[in-house]
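**Student:** The structure that follows is given in the form of structure tokens.
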Amino acid sequence: MTIQTKSRRTRLVASAIALSVALGTGVALSAWSLGAGPVQAQTQGNGNQGATNGQGGTGGGVNQGNNGNQGANKGGEEHSDSGSEEGGKGPMAGQGGPGEDSDGKGPQAGAQGDNGGGKPIWAQEGIPEVELGRLNVARSPGAVLDRAYEEALASLTPEMASFYSLSEDDMIMQLSTAFDTVSYIDSPLQNLALLKDALDGSSVLNTVPGISNNTDLLQAVFLGTASDKTVPISPDTVTAVTTILGTPVTGAAAVALAIEAEKIRIAILAGHG
């Protein structure tokens, strides 16, 4: 009985020890498994975080241009190359400078002004230096001359039409001997406007009813009556005035016009006494 009891106790103790050993091993394995799991998860998490940060650095480089290096620093050494390389490719990269096929010149670089730097014809070189007196009004703007032209035509009377139809000798006679009774256009600006019109070889006065005359004579009358009665008209005067008006008369033509215009000027001077 005693032996059986003891043997029974021995078996119970052995079973208890075996159970304890089994339980201890399971607890240890569980403890190791629980301990290793977080470590592995944390390690993998850090790796993923590094990869995420590295991609963030790349994205930052694409979206923010030169900020790619900042993304590279966040991603660690494994992503520093891609972060910095991609970071250099911002949407604004390369802008601000000329392209390879650009000449580097602005739209206005090398442009030159027209009309001799904006100077009017009468302000440019090539016009003889002569005393013009009243003839200086030829420098008036085109709009002023155009208005004077219209005013001259509007002021014409039958008496004026008769005068402009006379021969040169008859004109000189009337101007020098009966000046006070002669009707003609005296305004220098209006006469120069009519001269400008006639420099192409035809005068508008020949289209007015009652007027018919040689255009060359009419040019001489316009210039002679526009001039100061005390300032001689020379070929240089003719060239200067006609150049200012836009149709230069030079050489023999200038000499011929100066001679005829001078006759009219002298006749007016004589008529004034």
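Counting along the sequence shown from 1, when you hit position 40 you're at 1121 in my numbering, and nothing is skipped either side.
Glycine residues also receive a C-beta, built at the ideal position from the N, C-alpha and C atoms.
Select from Ile1345, Phe1260 and Val1218 the residue whose C-alpha is nearest the C-alpha of threonine 1311.
**Tutor:** Here residue 1311 corresponds to residue number 230 of the sequence shown, with the count starting at 1. Measuring from the Cα of threonine 1311, the nearest candidate turns out to be Ile1345.
**Student:** Of all the alpha helix (DSSP H) runs that stay within the bounds of the segment 1232 to 1257, which reach a length of 4 or more residues?
**Tutor:** Entirely contained in the segment 1232 to 1257, the alpha helix (DSSP H) runs reaching 4 residues are, in chain order, 1239 to 1244.
**Student:** Which residue comes first and which comes last in the alpha helix (DSSP H) that contains asparagine 1272?
**Tutor:** In the sequence shown, residue 1272 corresponds to position 191, counting from 1. Run containing asparagine 1272: 1269 to 1279, per the alpha helix (DSSP H) assignment.
**Student:** Using C-beta distances below 6 Å, list every residue in its chain close to glutamate 1226, excluding the 5 sequence neighbours before and after it, in chain order.
**Tutor:** Sequence index remark: in the sequence shown, residue 1226 carries index 145 (1-based). Sequence check: residue 1226 is leucine here, not glutamate. Answer for leucine 1226: Ala1274, listed in chain order.
**Student:** If you draw a straight line from the C-alpha of asparagine 1294 to the C-alpha of serine 1315, how long is it?
**Tutor:** Sequence index remark: in the sequence shown, residue 1294 carries index 213 (1-based). Sequence index remark: in the sequence shown, residue 1315 carries index 234 (1-based). Each residue's alpha carbon lies about 24 Å from the other.
**Student:** Applying the criterion that 16 or more other CB atoms from any shown protein chain within 10 Å of the CB defines a buried residue, is alanine 1339 buried or exposed?
**Tutor:** Position 258 of the sequence shown, counted from the start, is the residue given in the question as residue 1339. Buried, because 16 or more other Cβ atoms sit within 10 Å of the Cβ of alanine 1339.
**Student:** When the Cα atoms are used, what is the spatial distance from leucine 1213 to proline 1239?
**Tutor:** Locating residue 1213 in the sequence shown gives position 132, counting from the first residue. Locating residue 1239 in the sequence shown gives position 158, counting from the first residue. Those two C-alpha atoms are separated by around 31 Å.
**Student:** Short check: CB of aspartate 1309 to CB of leucine 1216, under 9 Å?
**Tutor:** Within the sequence shown, the letter at position 228 stands for residue 1309. Within the sequence shown, the letter at position 135 stands for residue 1216. For aspartate 1309 and leucine 1216, yes; Cβs fall inside 9 Å.
**Student:** Only counting the same chain, and skipping five residues up and downstream in sequence, which positions put a Cβ closer than 6 Å to that of phenylalanine 1303?
**Tutor:** By 1-based counting over the sequence shown, the position of residue 1303 is 222. Excluding positions up to five away in sequence, the list reads Asn1272, Leu1275 and Leu1276.
**Student:** Just to confirm my understanding: we take threonine 1106, look at its own chain, exclude 5 residues before and 5 after, and list those with CB closer than 7 Å. What are they?
**Tutor:** Working through the sequence shown from its first residue, we reach residue 1106 at position 25. Reliability fails at threonine 1106, whose pLDDT of 42 lies under 50, so the model's placement of it is uncertain and the value that follows must be treated cautiously. Counting only Cβ-Cβ distances below 7 Å, and skipping sequence neighbours, we find nothing.
**Student:** What is the C-beta distance between alanine 1335 and threonine 1320, in whole angstroms, given that I count them as a contact (C-beta under 8 Å)?
**Tutor:** Taking the first residue of the sequence shown as position 1, residue 1335 is located at position 254. Taking the first residue of the sequence shown as position 1, residue 1320 is located at position 239. Confirmed, about 5 Å.
**Student:** Using only CA atoms, which one of Thr1288, Ala1219, Ile1292 and Ser1284 lies nearest to leucine 1270?
**Tutor:** Against the sequence shown, residue 1270 aligns to sequence position 189. Nearest of Thr1288, Ala1219, Ile1292 and Ser1284 to leucine 1270, Cα basis: Ala1219.
**Student:** Let me see if you follow: with CB-CB separation under 9 Å, is threonine 1288 close to chain C or not?
**Tutor:** Of the chains in the structure shown, none is chain C; there is only one protein chain.
**Student:** Distance check for glycine 1291 and phenylalanine 1260, CA to CA, integer angstroms please.
**Tutor:** For the purposes of this step, residue 1260 is identified with residue 179 of the sequence shown, where counting begins at 1. For the purposes of this step, residue 1291 is identified with residue 210 of the sequence shown, where counting begins at 1. For phenylalanine 1260 and glycine 1291, the distance between alpha carbons rounds to 21 Å.
**Student:** Taking 8 Å as the limit between beta carbons, can you name the residues of its chain near serine 1236, skipping five residues before and five after?
**Tutor:** Stepping through the sequence shown from its first residue, residue 1236 is reached at position 155. Result list for serine 1236: Ile1266 and Gln1271, in chain order.
**Student:** Using the rule of at least 16 other Cβ atoms within 10 Å of the residue's Cβ for burial, across every protein chain shown, is glutamate 1210 buried or exposed?
**Tutor:** Taking the sequence shown and counting its residues from 1, the one referred to as residue 1210 is at position 129. With fewer than 16 Cβ atoms within 10 Å of its Cβ, glutamate 1210 is classed as exposed.
**Student:** With the cut-off set at 9 Å, would you say tyrosine 1245 and leucine 1326 are in Cβ contact?
**Tutor:** Taking the first residue of the sequence shown as position 1, residue 1245 is located at position 164. Taking the first residue of the sequence shown as position 1, residue 1326 is located at position 245. No, Cβ-Cβ distance for tyrosine 1245 and leucine 1326 is not below 9 Å.
**Student:** Grab the span of the alpha helix (DSSP H) containing phenylalanine 1303 for me, first residue to last.
**Tutor:** Taking the sequence shown and counting its residues from 1, the one referred to as residue 1303 is at position 222. From DSSP, the alpha helix (DSSP H) with phenylalanine 1303 extends over 1296 to 1307.
**Student:** Span of the alpha helix (DSSP H) holding proline 1329?
**Tutor:** In the sequence shown, residue 1329 corresponds to position 248, counting from 1. Per DSSP, proline 1329 belongs to no alpha helix (DSSP H) and is neither H nor E.
**Student:** Look up glycine 1354 in the DSSP assignment and say whether it is helix, strand or coil.
**Tutor:** Working through the sequence shown from its first residue, we reach residue 1354 at position 273. Coil.
**Student:** Do you know how far the Cα of threonine 1288 is from the Cα of glutamate 1341?
**Tutor:** Within the sequence shown, numbered from 1, the residue matching residue 1341 stands at position 260. Within the sequence shown, numbered from 1, the residue matching residue 1288 stands at position 207. The straight-line gap from Cα to Cα measures roughly 23 Å.
**Student:** In angstroms, rounded to a whole number, what distance separates the CA positions of glycine 1354 and threonine 1323?
**Tutor:** Locating residue 1354 in the sequence shown gives position 273, counting from the first residue. Locating residue 1323 in the sequence shown gives position 242, counting from the first residue. If I take the Cα positions, the gap works out to 30 Å.
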